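Visitor: First the structure, then my questions, so here it is.
Number of protein chains: 2
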Amino acid sequence: MAQQLTRNQSLVLDVLTHAEGPLSAYTILDKLRDHGFRAPLQVYRALDKLLEFGMIHRLESMNSFVACSHPDHHHHDHGVTAFAICEDCGQVTEMHDAGIEERLSVLAGREHFKTEKTTIEIRGHCQNCTSG
Amino acid sequence: MAQQLTRNQSLVLDVLTHAEGPLSAYTILDKLRDHGFRAPLQVYRALDKLLEFGMIHRLESMNSFVACSHPDHHHHDHGVTAFAICEDCGQVTEMHDAGIEERLSVLAGREHFKTEKTTIEIRGHCQNCTSG
DNA sequence: ATGCCACACGTTATAGCATAACGCAATTGA
DNA sequence: TCAATTGCGTTATGCTATAACGTGTGGCAT
């Protein structure tokens, strides 16, 4: 069941997995120069696949990427994800909630809108950075 | 109460108001060349102000901007907005729902996260483009 | 009036994000 | 074997956004 990754895909996933927070494609590129990466496309192609496999997420509001925090069950099997993004430390928390999905589904249905992909991103300050 | 706009701000808002769907900053720039616009910053500065005034919205998932569909009450007085974006025709529907706000508030609270700004964008297909 | 300040503006340059288009190599499967 | 698919590498290009500088104007306290 576990997706067999190519070398490039593994390298990119590895960088994201070990990162503190979200990374831009170009930051990933820089981190992989020693491994032979030379061009943005090498990163973007790997990112596209990893997104497709559900192993990483794209944060639209900051043009960057994070490893999925639920590495166990891939392949889209978790529904809508909401991200809490701390603007101070950059940390990202992944959240799931059936109530939200339900509510969004109702909203979309009311407009006869067929949902393909839902993005929920909350910018703000995490507990650590608030208390400090 | 109505915000007094500068010439540039008015021009940009006007373009967005009369547009079919969301526009990128550079598309706006092109549409305003005849009015003396020559550089991206002229557009971005106006956009920043209009966002601040709550007169337009930024769609993070497509790096573009739309006029707010509730021109009456500006100044942030409407809460979280969810956008339904049709990938076929580009049309954007603005939706508000107290239930969603409530649910997101609970989620954030659970993580002791202080929310500053919330982005909800649903990509998919609108009624027209689905039926056809 | 003078001087100061805040703000919008215009311009040039640059930084950051993403994809088009080409060709090559390896794999798969009819 | 041959064609189709997929990943890869490279070059070039396009799109999105901001930095940094200077100008002009209007308000306003002195």
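Listed in order, the protein sequences are those of chains C and Z. The first sequence runs 1 to 132 under the working numbering. The second sequence runs 1001 to 1132 under the working numbering. Even for Gly, the Cβ is constructed at its ideal location relative to N, Cα and C. Bear in mind that the values here come from a model prediction, so they are computed numbers and not experimental data.
1. CB Z:Ala1025 to CB Z:Pro1040, shorter than 8 Å?
2. Count the other C-beta atoms from every protein chain shown that fall within 10 angstroms of the C-beta of Z:Ala1135, then say buried if there are 16 or more, exposed otherwise.
3. Using the Cα positions of Z:Glu1121 and C:Glu121, report the straight-line distance between them to the nearest angstrom.
4. Identify the contact partners of C:Ala108 in chain Z, using a Cβ-Cβ distance below 8 Å as the criterion.
5. Any contact between the segment 1045 to 1055 of chain Z and the segment 41 to 59 of chain C? By contact I mean 3 or more CB pairs, one from each, below 8 Å.
6. Please work out which residues of its chain come closer than 7 Å, Cβ to Cβ, to C:Thr119, disregarding the five sequence neighbours upstream and downstream, and give them in chain order.
7. Any beta-carbon of chain Z closer than 8 Å to the one on C:Ser61?
8. Please go through the segment 94 to 125 of chain C and give each complete beta strand (DSSP E) segment of 3 or more residues, from N-terminal end onward.
9. So with CB distances below 7 Å, who are the chain C contacts of Z:His1057?
10. Taking only the alpha-carbon atoms, compute the straight-line gap between Z:Cys1126 and C:Gly109 and give it to the nearest angstrom.
11. Have a look at C:Pro22, C:Arg33, C:Cys129 and C:Val12 and flag the residue whose alpha-carbon is nearest the alpha-carbon of C:Asp88.
12. Please list the partners that C:Glu116 has in chain Z, where partner means a Cβ-to-Cβ separation under 9 Å.
13. From Z:Glu1101 to Z:Gly1079, what does the alpha carbon distance come to, in whole angstroms?
14. My understanding is that Z:Val1015 touches Z:Leu1005, with C-beta atoms under 8 Å, so please give their C-beta distance in whole angstroms.
15. Would you mind telling me which residues of chain C sit closer than 8 Å to Z:Thr1119, beta carbon to beta carbon, in chain order?
16. Measure the C-alpha to C-alpha separation of C:Glu111 and C:Phe37 and round it to an integer number of angstroms.
17. Just the chain Z side, please: which residues come within less than 8 Å of C:His112 by C-beta, in chain order?
18. Using a threshold of 8 Å, state whether the C-beta atoms of C:Lys117 and Z:Arg1058 are closer than that.
19. If the cut is a Cβ gap below 7 Å, which residues of chain C does Z:Gly1099 touch?
20. Work out the CA separation of Z:Phe1113 and Z:Asp1030 for me, nearest whole Å.
21. Using a Cβ-Cβ cut-off of 8 Å, state whether Z:Thr1093 counts as contacting chain C.
22. How long is the line joining the alpha carbons of C:Met95 and Z:Leu1107, rounded to whole angstroms?
Guide: Result, derived from the coordinates:
1. Here residue 1025 of chain Z is taken as the residue at index 25 of the second sequence, counted from 1. Here residue 1040 of chain Z is taken as the residue at index 40 of the second sequence, counted from 1. Against a cut-off of 8 Å, the Cβ pair of Z:Pro1040 and Z:Ala1025 comes out as a contact.
2. Look at the range of chain Z in this structure, 1001 to 1132, and you will see that residue 1135 of chain Z is not part of it.
3. Residue mapping note: residue 1121 of chain Z aligns to position 121 of the second sequence, counting from 1. Residue mapping note: residue 121 of chain C aligns to position 121 of the first sequence, counting from 1. Cα to Cα, the separation comes out at about 9 Å.
4. On the first sequence, position 108 is the one that residue 108 of chain C refers to. Ala1084, Ile1122 and Gly1124, listed in chain order.
5. no
6. As a first step, residue 119 of chain C must be located in the first sequence, where it is residue number 119. These residues qualify, in order along the chain: Glu60.
7. Sequence index remark: in the first sequence, residue 61 of chain C carries index 61 (1-based). Yes, because at least one Cβ of chain Z sits closer than 8 Å to the Cβ of C:Ser61.
8. 114 to 125
9. Residue numbering aside, residue 1057 of chain Z sits at position 57 when the second sequence is read from its first letter. Ordered by position in chain C, no residue passes the 7 Å Cβ test against Z:His1057, which lies about 13 Å from the chain.
10. Counted from its first residue, the second sequence places residue 1126 of chain Z at position 126. Counted from its first residue, the first sequence places residue 109 of chain C at position 109. Roughly 10 Å separates the two Cα atoms.
11. Mapped onto the first sequence, residue 88 of chain C falls at position 88. Of C:Pro22, C:Arg33, C:Cys129 and C:Val12, the residue nearest in Cα terms is C:Cys129.
12. Against the first sequence, residue 116 of chain C aligns to sequence position 116. Neighbours of C:Glu116 on chain Z, chain order: Glu1087, Ile1122, Arg1123, Gly1124 and His1125.
13. Here residue 1101 of chain Z refers to the residue found at position 101 when the second sequence is read from its first residue. Here residue 1079 of chain Z refers to the residue found at position 79 when the second sequence is read from its first residue. Going by the C-alpha atoms only, they are around 8 Å apart.
14. As a working mapping, residue 1015 of chain Z is identified with position 15 in the second sequence. As a working mapping, residue 1005 of chain Z is identified with position 5 in the second sequence. That pair is no contact at about 13 Å.
15. Here residue 1119 of chain Z refers to the residue found at position 119 when the second sequence is read from its first residue. Correct list: Glu60, Ser61, Thr119, Ile120, Glu121, Ile122 and Arg123.
16. Indexing the first sequence from 1 puts residue 111 of chain C at position 111. Indexing the first sequence from 1 puts residue 37 of chain C at position 37. Distance between the alpha carbons of C:Glu111 and C:Phe37 is about 45 Å.
17. Here residue 112 of chain C corresponds to residue number 112 of the first sequence, with the count starting at 1. The contacting residues are Cys1126, Gln1127 and Thr1130.
18. Within the first sequence, residue 117 of chain C is the residue found at index 117, counting from 1. Within the second sequence, residue 1058 of chain Z is the residue found at index 58, counting from 1. It is not a contact, given that the beta carbons lie outside the stated cut-off.
19. Taking the second sequence and counting its residues from 1, the one referred to as residue 1099 of chain Z is at position 99. Chain C residues near Z:Gly1099: Arg103.
20. Reading the second sequence from its first residue, position 30 is the one you call residue 1030 of chain Z. Reading the second sequence from its first residue, position 113 is the one you call residue 1113 of chain Z. Going from the Cα of Z:Asp1030 to the Cα of Z:Phe1113 covers about 40 Å.
21. Walking along the second sequence from the start, residue 1093 of chain Z turns up at place 93. Z:Thr1093 counts as touching chain C.
22. By one-based count along the first sequence, residue 95 of chain C stands at place 95. By one-based count along the second sequence, residue 1107 of chain Z stands at place 107. Near 7 Å, if we compare the C-alpha coordinates of Z:Leu1107 and C:Met95.
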